[in-house]
Amino acid sequence: MTSVSPLPGTPQPPSSTPAINPSTFQFPPIHAFPPFYTLQPNPTTRSSQLSSWSSLIQAYCRHNHLFSLTLADALSTPLFSNTTISRKLSLRDAKAIVQWMTTAEGGSRAEWIGASGKGGKGGTDGEGSGRCWVYWRRPEEWAGALEEWVERTGQKGTVLTLYEIVESDATRREEFWGMDAELLTKSLQICVKRGKAQVFGGEGSEGVKFF
Amino acid sequence: MFLHQLDLTTALRPSLLPEETLLFVQDAVGLYEGKFKIPQYQNGQAYLTSHRACYVDHDEPRQNSVAIFLRDVERSEFYAGFLKSSPKITLYPKPVKRLSLAPPVATSNTPTTPERRGSPVPASTPPLSATWVCPICSFSNPVPSNFDPATANARTPLPPCLACGIKPPLVHVVKAAISAMSNRQAPALPPKDDRNGLPGPSSGIGGRSISSGSNSLTCPRCTFQNHPSLTICEMCGGPLAPPADKRLEVAQELGRAESPGPSLSTPLKDETIECIKLSFRGGGEKIFYERLKNALVQRKWLLQSAPPIPKPRPASGNFDDGYSTTAAPSVDPERNKVVGIAGLERRGLEQRKNNEAVIGGAFEDLEALMTSAKEIIALAEQFAGQANLGTNGNPEASALASQSASALGLVTTKDMLGSGSGSESLYVSELSRNLAEWLTDDTRGVLRREGGIMTLVDLWAVFNRARGGVELVSPADFEKAARLWDKLKLPVRLRQFKSGLLVVQGRDRTDEKTIASLLAWLKEQHNEPPTVKVLWGWQEYGKGVTAQETAEHFGWSVGVATEELEMAEEAGALCREQGLDGVRFWENWLLKLPFEASTG
Numbered sequence: 001m002t003s004v005s006p007l008p009g010t011p012q013p014p015s016s017t018p019a020i021n022p023s024t025f026q027f028p029p030i031h032a033f034p035p036f037y038t039l040q041p042n043p044t045t046r047s048s049q050l051s052s053w054s055s056l057i058q059a060y061c062r063h064n065h066l067f068s069l070t071l072a073d074a075l076s077t078p079l080f081s082n083t084t085i086s087r088k089l090s091l092r093d094a095k096a097i098v099q100w101m102t103t104a105e106g107g108s109r110a111e112w113i114g115a116s117g118k119g120g121k122g123g124t125d126g127e128g129s130g131r132c133w134v135y136w137r138r139p140e141e142w143a144g145a146l147e148e149w150v151e152r153t154g155q156k157g158t159v160l161t162l163y164e165i166v167e168s169d170a171t172r173r174e175e176f177w178g179m180d181a182e183l184l185t186k187s188l189q190i191c192v193k194r195g196k197a198q199v200f201g202g203e204g205s206e207g208v209k210f211f
Numbered sequence: 001m002f003l004h005q006l007d008l009t010t011a012l013r014p015s016l017l018p019e020e021t022l023l024f025v026q027d028a029v030g031l032y033e034g035k036f037k038i039p040q041y042q043n044g045q046a047y048l049t050s051h052r053a054c055y056v057d058h059d060e061p062r063q064n065s066v067a068i069f070l071r072d073v074e075r076s077e078f079y080a081g082f083l084k085s086s087p088k089i090t091l092y093p094k095p096v097k098r099l100s101l102a103p104p105v106a107t108s109n110t111p112t113t114p115e116r117r118g119s120p121v122p123a124s125t126p127p128l129s130a131t132w133v134c135p136i137c138s139f140s141n142p143v144p145s146n147f148d149p150a151t152a153n154a155r156t157p158l159p160p161c162l163a164c165g166i167k168p169p170l171v172h173v174v175k176a177a178i179s180a181m182s183n184r185q186a187p188a189l190p191p192k193d194d195r196n197g198l199p200g201p202s203s204g205i206g207g208r209s210i211s212s213g214s215n216s217l218t219c220p221r222c223t224f225q226n227h228p229s230l231t232i233c234e235m236c237g238g239p240l241a242p243p244a245d246k247r248l249e250v251a252q253e254l255g256r257a258e259s260p261g262p263s264l265s266t267p268l269k270d271e272t273i274e275c276i277k278l279s280f281r282g283g284g285e286k287i288f289y290e291r292l293k294n295a296l297v298q299r300k301w302l303l304q305s306a307p308p309i310p311k312p313r314p315a316s317g318n319f320d321d322g323y324s325t326t327a328a329p330s331v332d333p334e335r336n337k338v339v340g341i342a343g344l345e346r347r348g349l350e351q352r353k354n355n356e357a358v359i360g361g362a363f364e365d366l367e368a369l370m371t372s373a374k375e376i377i378a379l380a381e382q383f384a385g386q387a388n389l390g391t392n393g394n395p396e397a398s399a400l401a402s403q404s405a406s407a408l409g410l411v412t413t414k415d416m417l418g419s420g421s422g423s424e425s426l427y428v429s430e431l432s433r434n435l436a437e438w439l440t441d442d443t444r445g446v447l448r449r450e451g452g453i454m455t456l457v458d459l460w461a462v463f464n465r466a467r468g469g470v471e472l473v474s475p476a477d478f479e480k481a482a483r484l485w486d487k488l489k490l491p492v493r494l495r496q497f498k499s500g501l502l503v504v505q506g507r508d509r510t511d512e513k514t515i516a517s518l519l520a521w522l523k524e525q526h527n528e529p530p531t532v533k534v535l536w537g538w539q540e541y542g543k544g545v546t547a548q549e550t551a552e553h554f555g556w557s558v559g560v561a562t563e564e565l566e567m568a569e570e571a572g573a574l575c576r577e578q579g580l581d582g583v584r585f586w587e588n589w590l591l592k593l594p595f596e597a598s599t600g
């Protein structure tokens, strides 16, 4: 519990970027290319465009430490609208992009919130809500990161509260700091499945023990 | 040389000589020499023109195509066919002419055009010994030396018969002059001596030929044996073939046997040709023969290089060429004196009088129409020009329409084609060739003016317009014809865009070239600052273009521009931006500039 291990040498390129330039996100040049805001009909171009968008959204969310997006609100953010060239993405296109990110082709880098566990049909419900997880790290990867953190800080066998993991000062420099409880639970469930952790406790006061 | 090499157009039809007109086309025709089939000349199309009968092979049109000049044809025979034997038309060459007419240079590689070959004869030199036989008293009168059948008309003064004093009809004299002329063209080609490098008449060859010719000339009309130095028969006054020519013929034959040039392209030996038969396996022989006979009677080739006819103008005492109304006043000092409206009116009056005389004279008699055909054609073209001035169409279209008179001569019409099962497909394929020719004709530049590409609908409209309102082509036939271009290997192609739009373009114009030109144009935009202020980095991305701008820049129609842009998009060279002002197309930086994930 007491162990605070900054480990500055740890290779963590995504988290090092905000340290250098904490306030502004450096948009890639493509962000200033007007046709970027129109979904292309040509399949080749379209898939290239979609993957560019996917990368951009992930990088943007990682930079700003966002774990989910509400598309309706996000459309006016610099991510989806470039005021310099006065171009913005339409809600329909943004949904199409996120939808593509949820597919295997898009690398499952997003998931509609409210669609979990209900399969394809639920996907449309989740899409309707316009809220989605952006998996700049997928739950499996988060599980790995958590395990690695526990390992690194020597907290194996210790009982940790979920609040402790995502809110305490001890984890402030970790990527998962500030993570939504729901996403954290998802990730921990994967650890449980792998047999690396055990979750116990009631609703609102869950604890987790890694072994 | 009875069979000539045939020049083909890009569309693999015979390229017509000036003033030559197409009379008939029939497919499934084979050639016979005497009784034997000529190998490789067994399946082709026969084109009958006013000057020639042409055979264009179906499989190897560039190699196995021949033309027979009708002026070399002595007579023709018709054979109706029997059981399995197809109907045939036999063409017999003129024995004297085929030896004397063709200079050896023309028989080798150079394409033979009649200007080079025949023009000196009919143009200006009236035959010295032409005679006409008086229909009243049968006396053989000489045709006046200044009489030119190509230019003669009803007002040409004719001398009366020397015996009975009755004036002969014009047609009679014209016929006499023409037949005399076509029988005696040899003296008009003196350079033969030099080309063959013949020594003088005392050489061995010359001597031999004269001695073998029994030293006398038989008159073809009365069979009197004349002295070889005479050119006119002593008995009847008829023309004699001069002995000098006979000698040259022999020498020429010897010379040609050695040269390998002329006979390479054809397995035939010219000297051995007795007659050429056209075998009509797909029908059409009757019409062909009918029109062949007419063509042989009309002898249009005699008119081919007749100069414009100067004619006396009683009103002003001056000459007008009858072709242009504008050129005359500037060169005519007398007419300049009458100025203003009075002058214009007077000129108009004179012009009308002249036209009246020409038309009146021409239509008096169909035979006379033949002789004044040139004037009438000129007049018709002039009328067509005037008719166009009245319409308010755009200048290009009216320019096209005014060419219609000449275009008419080039087009194949349905009545030129033989009947039978294949006539529909033959019509379509001929139309297809016609179209291709018309499109690739540089003087018209139809495609070039449209930026190298035009929609089929536009082409249909322009083409029918050029036909001048006669023999219009139905859209169905037109499309069928256009679809045949690929099959006939013609230099234009029909292309269907994704949307179903049909366009016409040159065969050499590929998608790659179009994309390259589009990209080059977009690249230019990187260098010049945009006219209106733009918000993105134009040095980096250039600017987007609309279909409208593209159409303006390349001279395409907007529909074509849209299709071309979408084609380039399809190929991945361009990408689109859907904006409030429509779709703009950009260089495809989406593919060229993939997002680098690690740089964030």
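Which chain is which? The protein sequence lines are A and B, in order. The opening position of the first sequence corresponds to residue 1 in UniProt numbering, with each subsequent residue numbered one higher. The opening position of the second sequence corresponds to residue 1 in UniProt numbering, with each subsequent residue numbered one higher. We treat Cβ as the ideally placed atom computed from N, Cα and C, and that holds for glycine.
- Under the 8 angstroms Cβ criterion, the region 159-168 of chain B counts as touching the region 130-147 of chain B, having at least three qualifying pairs.
- Sequence-distant partners of valine 428/B (beyond 5 residues in either direction) whose C-beta falls short of 7 angstroms from its own C-beta, in its chain, are Asp477, Lys480, Ala481, Leu484.
- Contiguous beta strand (DSSP E) elements confined to the region 415-489 of chain B occur at 453-455, taking only those with 3 or more residues.
- Phenylalanine 27/A and leucine 56/A have their C-alpha atoms spaced approximately 8 angstroms apart.
- For tryptophan 586/B, at least one C-beta of chain A is nearer than 8 angstroms to its own C-beta.
- A Cβ-Cβ contact shorter than 8 angstroms links arginine 52/B with alanine 67/B.
- Assignment of phenylalanine 33/A by DSSP, reduced to helix, strand and coil, places it in the coil class.
- For the region 187-206 of chain A, the beta-carbon criterion of a distance under 8 angstroms to any beta-carbon of chain B is satisfied by none of its residues.
- Neighbours of glutamine 49/A across chain B, judged by C-beta separation under 7 angstroms: Leu590.
- Chain A places no beta carbon closer than 8 angstroms to that of glutamine 40/B, leaving this residue out of the contacts.
- Leucine 8/B has Pro14/B as its beta-bridge partners, per DSSP.
- Here the alpha carbon of valine 166/A sits roughly 4 angstroms from the alpha carbon of tryptophan 177/A.
- For serine 52/A, the nearest CB of chain B lies under 8 angstroms from its own CB, placing it at the interface with that chain.
- Chain A places no beta carbon closer than 8 angstroms to that of glutamate 512/B, leaving this residue out of the contacts.
- Glycine 44/B is positioned such that its CB atom lies no closer than 8 angstroms to that of tyrosine 32/B.
- Three or more beta-carbon pairs separated by less than 8 angstroms link the region 67-80 of chain A to the region 129-147 of chain A, which places the two stretches in contact.
- Residues of the region 493-507 of chain B whose Cβ lies closer than 9 angstroms to any Cβ of chain A: none.
- According to DSSP, proline 142/B shares a beta bridge with Thr131/B.
- Here the alpha carbons of threonine 171/A and glutamate 151/A stand approximately 14 angstroms from one another.
- Shown here, isoleucine 276/B sits in a strand according to DSSP, grouped into three states.
- Residues of the region 557-582 of chain B with a Cβ closer than 7 angstroms to any Cβ of chain A, in chain order: Glu569, Glu570, Gly572, Cys575, Arg576, Glu577, Gln578.
- Linking valine 199/A to lysine 186/A through their CA atoms gives a straight-line distance of about 11 angstroms.
- Listed along chain A, the residues sitting closer than 8 angstroms to glycine 544/B by beta-carbon distance are Pro34, Pro35.
- When the five nearest sequence neighbours on each side are left out, the beta carbons in the same chain lying within less than 7 angstroms of the beta carbon of asparagine 141/B are those of Thr131, Trp132, Cys134, Cys161, Leu162, in order along the chain.
- In this model, threonine 21/B and serine 50/B are separated by some 5 angstroms (Cα to Cα).
- Under the criterion of beta carbons closer than 8 angstroms, glutamate 437/B and threonine 151/B do not qualify as touching, at roughly 32 angstroms.
- Scanning its chain for C-beta atoms nearer than 8 angstroms, with the 5 sequence neighbours on each side dropped, one finds around lysine 293/B the residues Ser76, in chain order.
- Assignment of aspartate 148/B by DSSP, reduced to helix, strand and coil, places it in the coil class.
- If you check the CB distance, glycine 555/B and glycine 445/B do not come in under 8 angstroms.
- Taking 8 angstroms as the upper bound for CB-CB distance, valine 503/B and arginine 509/B are not in contact here, some 10 angstroms apart.
- The DSSP-derived three-state label of cysteine 61/A is helix.
- The beta carbon of glutamine 42/B lies closer than 8 angstroms to those of Gly30, Leu31 in the same chain, with the five residues before and after it left out.
- The C-beta separation of glycine 106/A from serine 54/A comes to about 6 angstroms, placing the pair in contact by the 8 angstroms criterion.
- Within the region 63-87 of chain A, the residues whose Cβ lies closer than 7 angstroms to some Cβ of chain B are His63, Thr84, Ile85, Ser86, listed in chain order.
- Going by C-alpha positions, threonine 153/A is about 11 angstroms away from leucine 146/A.
- By the Cβ neighbour-count rule, glutamate 350/B is buried, with 16 or more other Cβ atoms within 10 Å of its own.
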